[in-house]
């Protein structure tokens, strides 16, 4: 019988006493084969664990055999199907095997690796102690500390023990006290988060109790533990829970003033930590000893500089500045250094910090010091008018006499149909293959347009095209898109590489809650086979970034259709109308005259000619036309004509804010944004619902926007589809809309108010934090950034929502939009301030979020500051005569500083409103100061 077979028989008997003699007698040349058999048996045993009562015992036996026969490297890297039995192996058997295998060279690393693969694979602290006593492992401080915190109580003490008995047993464990209790201060352990000992009477004992008990018995050095706590708090790589445990132990020991003074250097080291927890602890103790004899004042000044340059430690900076104000009295040689530190604090925009810093400079600074004056100029760009007045003796260049001017007047449209904005299309197989290697992103609709155009225009595919493309389709999906658009793109690519033999796109049915623009993408995808056959382009493919069509190119494409005697696809032509950029229209009109007259050419003439009035075609009642309309309008039968839909889209694209009286007498006139604009109005209210799980009533705030109910909206009305067709909007049905927002926005670049209305409906609830809500607002804010983006009431309301969003990235995007649109003179700051003021008046969001944004927007330019003044005035006007929200004093302080810096007076109409707030003690002082400006 071969040695592997002999070993298998040995495993069946589970005779441990025979294992080591058999291993000792095994020839060296057969060890490799036996090791292979061990792995095979262990895999099979692990796969069927639980099906046989002796499977676990076999796993333990195989583990012992592996430890006896494997090489050191193999032992350290034991696979999971062997390592998982470590915790169950009888301890005396493990000791014998480790002694046989001379484990001192590898056992510690083996235990660490086993635990790393699975936390519960490790040996308990008490087993490690036994192995250490048997001299089969060495004392690893980190390993022992981790296991001590994880399971010291579990294996040694049962639930009938009392805390008193446990404390007595620990006090007699000299090894634990001398070796492992100090180790927890040097390594990341679970001492702060693990379940502590508790008996069946719920009498608990924590590690903190143990440390205090041993310190009281003088078995642990009190001063040493205090020092170790501070050394642990310096570690920025420790978890917040562990840092909190060190802090609690330190404060719980109640160090005396003498002990704290002796620990001043470790306390000073805490000033340069990233976490607030040790920073606040250190400052609380240092300010009591800073003027005592023997204090390390040089170290204090050195470490204070880093704290003062931070923007997230307001209370600590205030404490340091209060100390520095008195510092030169106790340490005269520090006068120059103290003023330098105060100048560093001028970087902040916080008025309290600025006031304290300027007080130090004015009291201890030298007005003749050129270096100090230059430093004030360098660091003081954010200084308020009050602070500049205090530093007037230094004659800095910061006090500008320039008065800002800002008048909102929309600038002319930006020229976008230019060469640098031209989209470069794919014209080779290699380029297309490269584009397919990366998935579509939710912010890159142009990539999909380029792929669609390439599929239409590229000649016959290579013979191995299917083999090249199929792996790309399997390697990823377009997870950033909605399910419907993702599936449509995937089906299009599969149809294409299959030669369009299967019409998968035609048979796809969108989900119940799909975005209203999904049918437009599907109809365009359906059109591709016929366009390839006729070698015709899409009418709606954009020619210039981000998603515009040159009028001349659109007319050239229409001419191709006329030459081919092929009718335009309605959905394609509607998108082309919405994407047409009204630039260079005279040249386009000249080319249009050369085309055969048709309904499409008449629509284009109306769109491109500013003088052309709207004349609608007569409404025809032909049977074939009614049947075609049924395909365009989902639901009940409608008499809406396709041609009138063309004019409706063209009219809103030509003049987004106009009312078109010609539609009032037509079937289309009742729908949103056809004859008249959809109304802008909202109300704030409260609603009660039952909690999903507890069924308890929950009251939350809600914004109700204008809602015109329509039983059905024709699919050909691009600017109407995103308005509700039910009396109550369903917020849970918008995951598709949020994911595809920028793709939808690319279809109607001229007038996106319907999309912004939908975003606001998604965010109507104050408590909502779901992913759809966050995605929709973020993408809507990004759509406001481009230079050509124009938005009105609903777009301004989206921007207002960005300023009060709980998400920091949304607020940063709102600030970026504000800055860019002011520079371009395309933002109605007064209307924006009015809407934001109404929201804040209803306590729909904390005012502090707006204040943080205002702080970030200050000191950009006179133009921006003037815009901020108008913005804040409208916020204040819409809150007057009501109870001011929390932090209104901060808002008034920012407004006061802007007025003083720009040499403005408080407007009379606002002064009358603000006088009402003098009855509130927190606002009385700032309102009086404003009235004196």
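In our numbering, the protein residues as written are 249 to 1181.
Ideal Cβ placement from N, Cα and C applies to all residues, glycine included.
Whose C-alpha, out of 499, 419, 514, is nearest the C-alpha of residue 467? That would be 419, whose Cα lies nearest to the Cα of residue 467.
Residue 366, buried or exposed, once every other Cβ within 10 Å from all chains shown has been counted against 16: Here residue 366 is exposed. Its C-beta has fewer than 16 other C-beta atoms within 10 Å.
Residue environment, residue 423, which counts as buried when at least 16 other CB atoms sit within 10 Å: When all chains shown are included, residue 423 counts as exposed.
Comparing alpha-carbon positions, which option in 721, 690, 671 lies nearest residue 681? Out of 721, 690, 671, 721 has the C-alpha closest to the C-alpha of residue 681.
Leaving out five residues on either side along the sequence, give the residues of the same chain with a beta carbon under 8 Å from the beta carbon of residue 1169. Only residues of its own chain outside the window of five on either side were considered, and among them none has a CB closer than 8 Å to the CB of residue 1169.
Throw me the rounded Cβ distance for the residue 1077 and residue 1115 pair, which I believe falls under 8 Å. Contact flag correct, Cβ pair sits at about 5 Å.
Neighbour-count burial assignment, residue 1109, 16 or more Cβ in a 10 Å radius: Around the CB of residue 1109, fewer than 16 other CB atoms lie within 10 Å, so the residue is classed as exposed.
Every unbroken alpha helix (DSSP H) within the region 990-1075, with a cutoff of 4 residues, ordered by chain: List check, alpha helix (DSSP H) in window: 1001-1010, 1019-1031, 1041-1051, 1056-1071.
As a quick exercise: from 685, 1011, 295, 785, pick the residue whose alpha carbon is nearest that of residue 1054. Per the Cα distances, 1011.
Taking the CB atoms as reference points, tell me whether residue 382 and residue 432 lie closer together than 8 Å. In this structure, residue 382 keeps its C-beta atom at 8 Å or more from the C-beta atom of residue 432.
What's the C-alpha gap between residue 858 and residue 843? Rounded to whole angstroms, residue 858 to residue 843 spans 20 Å at the Cα level.
Ignoring anything shorter than 4 residues or poking outside the region 375-423, list the alpha helix (DSSP H) runs there in chain order. Along the length of the region 375-423, whole alpha helix (DSSP H) runs at least 4 residues long occupy 389-404, 411-419, reported in chain order.
My understanding is that residue 839 touches residue 797, with C-beta atoms under 8 Å, so please give their C-beta distance in whole angstroms. Actually they are not in contact, since the Cβ atoms of residue 839 and residue 797 sit about 14 Å apart, beyond 8 Å.
Is it the case that the region 991-1007 contacts the region 1033-1052, given that we only count it when at least three CB pairs across the two stretches are under 8 Å? Taking 8 Å as the limit for Cβ pairs, the verdict is that the region 991-1007 does touch the region 1033-1052.
Return the Cβ separation of residue 753 and residue 739 in integer angstroms, given the expectation that the two are a contact with Cβ distance under 8 Å. Indeed, because the Cβ distance is near 5 Å, the residues count as touching under 8 Å.
Cutoff 7 Å; reference residue 998; Cβ partners in own chain excluding five residues on either side: In the same chain as residue 998, and ignoring 5 residues on each side of it, the C-beta atoms closer than 7 Å to its own belong to 826, 901, 904, in chain order.
Skipping 5 residues on each side, what residues in its chain have a beta carbon closer than 8 Å to that of residue 810? Taken in chain order, the residues that qualify are 843, 844, 846.
Exposed or buried, what is residue 772 when buried is set at 16 or more other beta-carbons lying within 10 Å of its beta-carbon? The residue in question, residue 772, is buried, as its Cβ has 16 or more Cβ neighbours within 10 Å.
When we look at the beta-carbon of residue 891 and count the other beta-carbons within 10 Å, is it buried (16 or more) or exposed? Here residue 891 is buried. Its C-beta has 16 or more other C-beta atoms within 10 Å.
Since residue 1072 and residue 1035 should fall inside the 8 Å C-beta cutoff, what is the C-beta to C-beta distance between them, to a whole number of angstroms? The C-beta distance from residue 1072 to residue 1035 rounds to 6 Å, short enough to meet the 8 Å contact threshold.
Would you call residue 220 buried or exposed, if buried means 16 or more other Cβ atoms sit within 10 Å of its Cβ? It is not possible to answer for residue 220, since the shown part of the chain is limited to 249 through 1181.
Can you name the start and end residues of the alpha helix (DSSP H) that residue 477 belongs to? Here the alpha helix (DSSP H) through residue 477 covers 470-481.
With distances taken between CB atoms, is the gap from residue 787 to residue 893 smaller than 8 Å? Not in contact: residue 787 and residue 893 (Cβ atoms no closer than 8 Å).
Hey, would you say residue 1160 sits closer than 8 Å to residue 932, going by beta carbons? Result no, Cβ atoms of residue 1160 and residue 932 do not sit closer than 8 Å.
With residue 361 as the anchor, note down where its alpha helix (DSSP H) starts and where it stops. For residue 361, the enclosing alpha helix (DSSP H) stretches over residues 355-365.
Separation of residue 601 from residue 1151, as counted between CA atoms: Whole-angstrom Cα-Cα distance: 23 Å.
Rounded C-alpha distance that separates residue 362 from residue 333: Near 10 Å, if we compare the C-alpha coordinates of residue 333 and residue 362.
Residue 971 versus residue 441 - alpha carbon distance: Near 51 Å, if we compare the C-alpha coordinates of residue 441 and residue 971.
Buried or exposed: which applies to residue 918, given that a residue is buried once 16 or more other Cβ atoms fall within 10 Å of its Cβ? So residue 918 ends up on the exposed side.
So residue 279 and residue 310 are in contact, right, with Cβ under 8 Å, and what is the actual spacing, rounded? Taking a contact as a CB-CB distance under 8 Å, the pair residue 279 and residue 310 does not count as one, their CB atoms being some 15 Å apart.
Going by DSSP, name the residue or residues bridged to residue 924. Looking at the DSSP output, residue 924 bridges to nothing.
How many whole angstroms separate the CB atoms of residue 608 and residue 569, which I take to be in contact at a CB cut-off of 8 Å? Indeed they touch by this definition, with Cβ atoms about 7 Å apart.
Presumed contact (8 Å Cβ cut-off) between residue 1008 and residue 1049, rounded CB distance: Confirmed, Cβ separation roughly 7 Å.
Curious, which full-length alpha helix (DSSP H) runs of at least 4 residues does the region 789-819 contain? Counting whole runs of 4 or more residues, the region 789-819 contains the alpha helix (DSSP H) stretches 799-811.
C-beta neighbour in chain B for residue 600, strict 8 Å: Going by chain labels, chain B is absent from the structure shown, which holds only one protein chain.
Selection from 1179, 1037, 944 that minimises the alpha carbon distance to residue 990: With distances taken between Cα atoms, residue 990 lies closest to 1037.
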